[in-house]
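J.:
Number of protein chains: 2
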Amino acid sequence: MVRKPEDGGGEPRREAAPHPRRRPTIQDLARAAGISPSTASRALSGNGYVASEVRARVLAAAEQIGYVPDGNARALRNRTSRAVGVLISDIRNPFYANLAAGIEEQLRAAGYHVIVVNNGGQAEAEVEGARTFLAVRVSAAIVTPVSGRAVRMLMDDGVTVVQADRMVDGLTSDGVLVDNVQGSQEITSHLIDLGHTTIALLIDETDWTTGAGRLAGYRAALRAARLPMDPALVVPTRFQPDAARDAVNALLDRRPDVTALFAANNMLAEGAFQALQGRGLRLPDDLSLVAFDDVPWMSMVSPGITTVDQHTDDLGRTCAQLVIDRLSGSAPTLATVRYIEPSLVIRGSTAAPHGVRTHAAGAGSRPVTTAPSPG
Amino acid sequence: MVRKPEDGGGEPRREAAPHPRRRPTIQDLARAAGISPSTASRALSGNGYVASEVRARVLAAAEQIGYVPDGNARALRNRTSRAVGVLISDIRNPFYANLAAGIEEQLRAAGYHVIVVNNGGQAEAEVEGARTFLAVRVSAAIVTPVSGRAVRMLMDDGVTVVQADRMVDGLTSDGVLVDNVQGSQEITSHLIDLGHTTIALLIDETDWTTGAGRLAGYRAALRAARLPMDPALVVPTRFQPDAARDAVNALLDRRPDVTALFAANNMLAEGAFQALQGRGLRLPDDLSLVAFDDVPWMSMVSPGITTVDQHTDDLGRTCAQLVIDRLSGSAPTLATVRYIEPSLVIRGSTAAPHGVRTHAAGAGSRPVTTAPSPG
DNA sequence: GATCACTGTGGTAACGATGCCACATCCGAT
DNA sequence: ATCGGATGTGGCATCGTTACCACAGTGATC
Numbered sequence: 000m001v002r003k004p005e006d007g008g009g010e011p012r013r014e015a016a017p018h019p020r021r022r023p024t025i026q027d028l029a030r031a032a033g034i035s036p037s038t039a040s041r042a043l044s045g046n047g048y049v050a051s052e053v054r055a056r057v058l059a060a061a062e063q064i065g066y067v068p069d070g071n072a073r074a075l076r077n078r079t080s081r082a083v084g085v086l087i088s089d090i091r092n093p094f095y096a097n098l099a100a101g102i103e104e105q106l107r108a109a110g111y112h113v114i115v116v117n118n119g120g121q122a123e124a125e126v127e128g129a130r131t132f133l134a135v136r137v138s139a140a141i142v143t144p145v146s147g148r149a150v151r152m153l154m155d156d157g158v159t160v161v162q163a164d165r166m167v168d169g170l171t172s173d174g175v176l177v178d179n180v181q182g183s184q185e186i187t188s189h190l191i192d193l194g195h196t197t198i199a200l201l202i203d204e205t206d207w208t209t210g211a212g213r214l215a216g217y218r219a220a221l222r223a224a225r226l227p228m229d230p231a232l233v234v235p236t237r238f239q240p241d242a243a244r245d246a247v248n249a250l251l252d253r254r255p256d257v258t259a260l261f262a263a264n265n266m267l268a269e270g271a272f273q274a275l276q277g278r279g280l281r282l283p284d285d286l287s288l289v290a291f292d293d294v295p296w297m298s299m300v301s302p303g304i305t306t307v308d309q310h311t312d313d314l315g316r317t318c319a320q321l322v323i324d325r326l327s328g329s330a331p332t333l334a335t336v337r338y339i340e341p342s343l344v345i346r347g348s349t350a351a352p353h354g355v356r357t358h359a360a361g362a363g364s365r366p367v368t369t370a371p372s373p374g
Numbered sequence: 000m001v002r003k004p005e006d007g008g009g010e011p012r013r014e015a016a017p018h019p020r021r022r023p024t025i026q027d028l029a030r031a032a033g034i035s036p037s038t039a040s041r042a043l044s045g046n047g048y049v050a051s052e053v054r055a056r057v058l059a060a061a062e063q064i065g066y067v068p069d070g071n072a073r074a075l076r077n078r079t080s081r082a083v084g085v086l087i088s089d090i091r092n093p094f095y096a097n098l099a100a101g102i103e104e105q106l107r108a109a110g111y112h113v114i115v116v117n118n119g120g121q122a123e124a125e126v127e128g129a130r131t132f133l134a135v136r137v138s139a140a141i142v143t144p145v146s147g148r149a150v151r152m153l154m155d156d157g158v159t160v161v162q163a164d165r166m167v168d169g170l171t172s173d174g175v176l177v178d179n180v181q182g183s184q185e186i187t188s189h190l191i192d193l194g195h196t197t198i199a200l201l202i203d204e205t206d207w208t209t210g211a212g213r214l215a216g217y218r219a220a221l222r223a224a225r226l227p228m229d230p231a232l233v234v235p236t237r238f239q240p241d242a243a244r245d246a247v248n249a250l251l252d253r254r255p256d257v258t259a260l261f262a263a264n265n266m267l268a269e270g271a272f273q274a275l276q277g278r279g280l281r282l283p284d285d286l287s288l289v290a291f292d293d294v295p296w297m298s299m300v301s302p303g304i305t306t307v308d309q310h311t312d313d314l315g316r317t318c319a320q321l322v323i324d325r326l327s328g329s330a331p332t333l334a335t336v337r338y339i340e341p342s343l344v345i346r347g348s349t350a351a352p353h354g355v356r357t358h359a360a361g362a363g364s365r366p367v368t369t370a371p372s373p374g
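Chains A and B are the protein sequences, given in the same order. Position 250 (the first sequence) corresponds to 249 in numbering that gives the first Met the number 0; numbering is contiguous. Position 279 (the second sequence) corresponds to 278 in numbering that gives the first Met the number 0; numbering is contiguous.
1) Restricting to Cα atoms, I'd like to know which of B:Arg76, B:Pro68 and B:Gly119 is closest to B:Leu86.
2) Is the beta carbon of A:Ala242 less than 8 angstroms from the beta carbon of A:Gly270?
3) Report, in whole angstroms, the separation of the C-beta atoms of B:Val83 and B:Ala140, which I expect to be a contact under 8 angstroms.
4) Excluding the 5 residues flanking B:Asp206 on each side, which residues of the same chain have their C-beta closer than 7 angstroms to its C-beta?
5) Within its chain, find whatever has a CB closer than 8 angstroms to the CB of B:Thr79; leave out the 5 residues flanking it on each side and keep chain order.
6) What are the boundary residues of the alpha helix (DSSP H) that includes A:Gln273?
7) DSSP three-state label for B:Asn71, please.
8) Starting from the beta carbon of A:Leu75, find every residue of chain B whose beta carbon is closer than 8 angstroms, and list them in chain order.
9) Drop a sphere of 10 angstroms on the beta-carbon of A:Ser51, count the other beta-carbons inside from all chains shown, and report buried for 16 or more, exposed for fewer.
10) Residues of the region 251-283 of chain A with a CB closer than 9 angstroms to any CB of chain B: list them in chain order, please.
11) Which residues in the same chain have their Cβ closer than 8 angstroms to the Cβ of A:Gly361, if we skip the five residues on either side of it in sequence?
12) Can B:Asp313 and B:Val344 be called in contact, C-beta distance under 8 angstroms?
13) Could one say the Cβ of A:Leu133 lies closer than 8 angstroms to chain B's Cβ atoms, at least one of them?
14) Tell me whether A:His353 sits in a helix, a strand or coil according to DSSP, three-state version.
15) Chain B partners of A:Ala100, CB-CB under 8 angstroms?
16) Under 9 angstroms Cβ-Cβ, which residues of chain A neighbour B:Asp292?
17) Would you verify that the beta carbon of A:Ala96 is, or is not, closer than 8 angstroms to some beta carbon of chain B?
18) Residues bridged to B:Val175 by DSSP?
19) Verify whether the separation of the beta carbon atoms of B:Ala224 and B:Pro283 is less than 8 angstroms.
20) Determine the closest residue to A:Ala231 out of A:Leu260, A:Arg244, A:Ser35 and A:Pro93, with distance taken between C-alpha atoms.
21) Please tell me whether A:Leu106 and A:Ala319 are closer than 8 angstroms, where the distance is taken between their beta carbons.
22) Got a sec: is the Cβ-Cβ distance from A:Pro391 to anything in chain B below 8 angstroms?
23) Report yes or no: do three or more beta-carbon pairs, one from the region 55-72 of chain B and one from the region 122-135 of chain A, lie closer than 8 angstroms?
24) Which runs of the beta strand (DSSP E) fall wholly inside the region 87-139 of chain B and span at least 3 residues, in chain order?
25) Just the Cα atoms here: how many angstroms apart are B:Asp401 and B:Asn265?
26) Any beta carbon of chain A sitting closer than 8 angstroms to that of B:Ile114?
27) Is the beta carbon of B:Thr379 sitting closer than 8 angstroms to the one on B:Asp168?
28) Output the boundary residues of the alpha helix (DSSP H) element that contains B:Ile323.
29) For A:Ile64, count the other beta carbons within 10 Å of its own beta carbon; 16 or more makes it buried, fewer makes it exposed. Which is it?
30) Just verifying my parser: in three-state terms, what is the DSSP assignment at B:Gly84?
31) Determine the chain A residues that contact B:Ser327 at a beta-carbon separation under 8 angstroms, and present them in chain order.
32) Ends of the alpha helix (DSSP H) at A:Ser35?
33) Using CA coordinates, which residue listed in B:Arg213, B:Val322, B:Arg41 and B:Val175 is at the minimum distance from B:Ser188?
34) Quick one: measure Cβ to Cβ for A:Ala149 and A:Gly128, integer angstroms, because I've assumed they're closer than 8 angstroms.
35) In angstroms, rounded to a whole number, what distance separates the CA positions of B:Gly182 and A:Ser301?
36) So B:Thr335 and B:Leu321 are supposed to be a Cβ contact under 8 angstroms. How far apart are they, rounded?
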């Protein structure tokens with residue numbers, strides 16, 4: 000029941016002290032090093048003059064007595080902390096989990112720590128989260144915005160904000176976006192190149208930059224191929240897999256001529272996949288399926304799902320780096336928006352529609368990964 | 000490119016102020032309400048006498064001027080904060096993501112916020128994370144321990160610690176564990192009931208409570224069925240899917256008589272699944288596959304994988320609740336360990352071995368969910 | 001020999017919230 | 001009339017850190 004090699008139970012255990020020993024302060028440190036608190040502070044921070052011999056003595060003493068600067072006192076005094084708020088919708092969704100992971104790693108390496116608030120897509124919870132960030136004086140916040148209110152609150156208080164994945168109109172913060180139009184156009188073109196002409200788009204919203212971009216890319220690809228744009232093929236649904244499943248079933252009942260289905264995100268893809276399985280349709284023979292946002296199950300099923308990989312880790316790391324640059328003053332003064340270029344991952348869920356020969360044309364000029372099914 | 004209904008761009012925008020307006024302090028609040036800071040403090044916190052008329056005035060003024068108490072000043076003064084540290088291994092792994100989500104939701108509802116540190120399974124990063132927690136004076140920490148050093152550091156400083164999923168020996172903190180022995184025994188018995196006698200266990204470690212418990216449960220099930228325990232069927236591997244895949248391939252080359260495979264966690268299951276796919280083996284006809292820890296892809300593939308569901312959300316929420324109880328002083332004084340009872344989820348990946356008839360016996364006395372394949 | 005720049009150190013006043021204590025009422029009881 | 005308790009309020013010190021300022025040396029320059 001033990002991690003034997005590491006539990007390090009060698010030292011005698013301290014008795015459960017009723018009052019745990021007071022943490023050493025910079026006063027204690029100064030006393031230990033035989034100097035004043037001011038000098039100790041300068042020695043640690045490197046601001047101002049300190050004789051190098053003294054600095055060494057202070058560092059040694061700090062190590063020796065186990066001095067850890069009090070983050071709260073610092074934050075109070077400096078009116079800013081090493082904390083960065085991360086406000087996302089649903090950490091259970093691999094997209095947000097990877098985003099958060101990328102952010103956390105990059106920020107931790109730069110000496111910041113993250114406070115994570117899950118808003119569940121609720122504007123109310125989002126505002127609550129922003130309030131928390133203000134209360135603890137985060138130096139910056141990274142937000143996948145829901146309503147814009149939270150972002151505005153933070154910006155109005157002078158907090159550095161980076162919007163991730165999507166941006167609210169009318170707010171000039173930094174942002175990191177995925178090139179949704181490009182990715183969507185590319186994967187739609189992939190279907191068209193295979194010979195599909197009746198391609199349905201399953202989508203939950205077109206008000207955010209994400210949904211709007213994906214819809215635009217889908218349209219652009221059809222237009223470029225001079226295919227008709229049939230509004231009935233743009234299938235609205237709610238964000239839940241169950242809703243998507245029902246929507247797909249309704250669509251296929253209504254339109255048996257659909258040969259390819261494009262799910263605008265991983266949740267919808269899940270529902271779509273379940274619907275197709277439930278109907279006993281075989282991929283890619285009976286229907287081709289593609290999805291925006293590559294998540295683990297898509298490479299586990301057989302055949303694997305052809306997707307647009309958003310490079311979510313990169314997205315997160317880029318957000319974090321933007322924050323770091325801003326806070327260190329090395330970012331340009333104007334608000335910056337960076338774009339992550341997504342890439343197409345071709346797997347087995349796409350093929351020429353039944354009885355149609357593939358075009359000779361390739362998938363376009365952009366990088367394409369061809370991934371085998373697992374194994 | 001906008002979330003139209005909510006962007007709320009109605010109010011005139013504040014000019015980008017060179018010095019963002021100073022945040023109102025309790026002094027400002029006191030002035031606005033025509034009383035002293037002390038009284039304002041009492042009005043807000045409810046400690047001590049305040050005339051109800053005055054309290055109302057203070058609350059109104061707070062609302063009006065947008066007063067938000069400074070968390071750092073509070074933390075400095077009170078020597079503790081509303082922050083709880085969450086120290087986990089890999090938020091990209093759905094197990095940890097769900098754990099973190101459960102924790103965050105429960106704590107947020109109780110007015111705490113979480114600082115998340117991903118240690119990547121590295122003892123060094125874990126200690127670094129603990130140092131961060133100490134620096135910001137978290138009031139408690141929830142840790143999936145790697146080495147025990149971090150937990151010890153925190154406890155030595157008087158921080159309330161809850162160990163999650165596994166516990167380090169020799170440290171008497173609270174903990175929330177999954178009943179690994181029970182879950183493992185149950186799923187192994189399920190295979191035995193189906194008629195399997197040559198069941199391999201793929202496992203990465205047996206030093207932590209998790210691995211040790213799962214191995215013990217596997218053994219107990221074999222013993223209960225009076226089946227021989229063949230040490231060569233306990234297959235060690237590293238924690239990565241790739242390593243697990245190689246290990247499974249090597250096993251099946253060596254032991255073609257294996258009819259069922261039990262992967263001790265979701266990462267190993269991923270590798271195992273890939274290996275089976277790569278070999279063109281059909282589930283459950285050629286081999287039965289089961290896994291400890293139910294993650295999304297396991298219900299997406301066909302057939303679905305039979306698993307032990309650890310109720311990870313519950314695990315997280317229970318940890319959080321333990322923290323809340325401890326901090327509010329309502330937990331028992333002694334260290335408490337709570338157990339989460341896992342449950343068996345039977346899907347299509349398990350069946351009688353080729354040419355064997357199923358026992359009449361049921362799966363045992365514990366609750367069992369039978370989940371259909373998706374659709 | 002006075003002035004100046006530079007190096008190096010310590011004292012002190014904040015940062016914002018809070019809880020103790022002193023003080024001021026007002027009421028009923030002695 | 002005095003006391004004591006209950007109710008209500010404000011002053012002040014404090015949490016730990018840091019930036020500003022004053023000041024003390026030292027050496028170089030006029």
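Ideal Cβ placement from N, Cα and C applies to all residues, glycine included. Small disclaimer: the values here were computed from a predicted structure and weren't measured.
T.: Inspection of the coordinates gives the following:
1) Position 87 of the second sequence, counted from the start, is the residue given in the question as residue 86 of chain B. Comparing Cα-Cα distances from B:Leu86 to each of B:Arg76, B:Pro68 and B:Gly119, the minimum goes to B:Gly119.
2) Translated into the one-based positions of the first sequence, residue 242 of chain A becomes position 243. Translated into the one-based positions of the first sequence, residue 270 of chain A becomes position 271. Annotated as proximal: A:Ala242 and A:Gly270, with beta-carbon spacing under 8 angstroms.
3) Position 84 of the second sequence holds residue 83 of chain B. Position 141 of the second sequence holds residue 140 of chain B. About 7 angstroms separates the two Cβ atoms, so the contact holds.
4) Counted from its first residue, the second sequence places residue 206 of chain B at position 207. Same-chain partners within the cutoff: there are none.
5) The residue labelled residue 79 of chain B in the question sits at position 80 within the second sequence. Residues Arg136 and Ser138 of the same chain have their beta carbon placed closer than 8 angstroms to that of B:Thr79, with the five preceding and five following residues left out of the count.
6) By 1-based counting over the first sequence, the position of residue 273 of chain A is 274. Note, A:Gln273: alpha helix (DSSP H), Asn265 to Gly277.
7) Here residue 71 of chain B refers to the residue found at position 72 when the second sequence is read from its first residue. If DSSP states are grouped into helix, strand and coil, B:Asn71 belongs with the helices.
8) Locating residue 75 of chain A in the first sequence gives position 76, counting from the first residue. Simply Asp69, Asn71, Ala72 and Leu75.
9) Counting from one through the first sequence, the residue named residue 51 of chain A turns up at place 52. Exposed, since its Cβ has fewer than 16 Cβ neighbours within 10 Å.
10) Glu269, Phe272, Gln273, Ala274, Leu275, Gln276, Gly277, Arg278 and Gly279
11) Your numbering for residue 361 of chain A matches position 362 in the first sequence. Summary for A:Gly361: the model assigns pLDDT 42, below 50, so the residue's position carries little reliability, and this model does not support an answer.
12) Looking up residue 313 of chain B in the second sequence gives position 314. Looking up residue 344 of chain B in the second sequence gives position 345. The answer is no: Cβ separation not under 8 angstroms.
13) Looking up residue 133 of chain A in the first sequence gives position 134. Chain B contact via Cβ: present.
14) Walking along the first sequence from the start, residue 353 of chain A turns up at place 354. Three-state DSSP puts A:His353 in coil, outside helix and strand.
15) Within the first sequence, residue 100 of chain A is the residue found at index 101, counting from 1. Within chain B, the residues near A:Ala100 are Asp89, Ile90, Arg91 and Asn117.
16) Taking the second sequence and counting its residues from 1, the one referred to as residue 292 of chain B is at position 293. Here the premise fails: no neighbours, minimum Cβ distance about 14 angstroms.
17) Here the question's residue 96 of chain A lines up with position 97 in the first sequence. For A:Ala96, the answer is yes, since a Cβ of chain B falls inside 8 angstroms of its Cβ.
18) In the second sequence, the residue the question calls residue 175 of chain B occupies position 176. Partner(s): B:Ala163 and B:Arg337.
19) Translated into the one-based positions of the second sequence, residue 224 of chain B becomes position 225. Translated into the one-based positions of the second sequence, residue 283 of chain B becomes position 284. Taking 8 angstroms as the Cβ cut-off, B:Ala224 and B:Pro283 do not qualify as a contacting pair.
20) Here residue 231 of chain A refers to the residue found at position 232 when the first sequence is read from its first residue. Of the listed residues, the one whose Cα sits closest to A:Ala231 is A:Leu260.
21) Locating residue 106 of chain A in the first sequence gives position 107, where the first residue counts as 1. Locating residue 319 of chain A in the first sequence gives position 320, where the first residue counts as 1. In contact: A:Leu106 and A:Ala319 (Cβ atoms closer than 8 angstroms).
22) With chain A represented from 0 up to 374, any question about residue 391 of chain A goes unanswered, as that position is not in the structure.
23) yes
24) 112-117
25) There is simply no residue 401 of chain B to check, as chain B begins at 0 and stops at 374 in what is shown.
26) Here residue 114 of chain B corresponds to residue number 115 of the second sequence, with the count starting at 1. So yes, B:Ile114 belongs to the interface.
27) There is simply no residue 379 of chain B to check, as chain B begins at 0 and stops at 374 in what is shown.
28) Within the second sequence, residue 323 of chain B is the residue found at index 324, counting from 1. Here the alpha helix (DSSP H) through B:Ile323 covers Thr311 to Leu326.
29) On the first sequence, residue 64 of chain A is found 65 positions in, with the first residue counted as 1. The residue in question, A:Ile64, is exposed, as its Cβ has fewer than 16 Cβ neighbours within 10 Å.
30) As a first step, residue 84 of chain B is located in the second sequence; it is residue number 85 there, counting from the start. Strand, per DSSP.
31) Position 328 of the second sequence, counting from 1, holds the residue named residue 327 of chain B. One finds nothing in chain A with a Cβ atom closer than 8 angstroms to the Cβ of B:Ser327; even the nearest lies about 19 angstroms away.
32) Residue mapping note: residue 35 of chain A aligns to position 36 of the first sequence, counting from 1. Where A:Ser35 is concerned, there is no enclosing alpha helix (DSSP H), given that its DSSP letter is neither H nor E.
33) Counted from its first residue, the second sequence places residue 188 of chain B at position 189. Out of B:Arg213, B:Val322, B:Arg41 and B:Val175, B:Arg213 has the C-alpha closest to the C-alpha of B:Ser188.
34) Reading the first sequence from its first residue, position 150 is the one you call residue 149 of chain A. Reading the first sequence from its first residue, position 129 is the one you call residue 128 of chain A. A:Ala149 to A:Gly128, Cβ: 7 angstroms. Contact.
35) Stepping through the second sequence from its first residue, residue 182 of chain B is reached at position 183. Stepping through the first sequence from its first residue, residue 301 of chain A is reached at position 302. So the alpha carbons of these two residues sit roughly 29 angstroms apart.
36) For the purposes of this step, residue 335 of chain B is taken as the residue at position 336 of the second sequence. For the purposes of this step, residue 321 of chain B is taken as the residue at position 322 of the second sequence. So it is a contact: roughly 7 angstroms between Cβ atoms.
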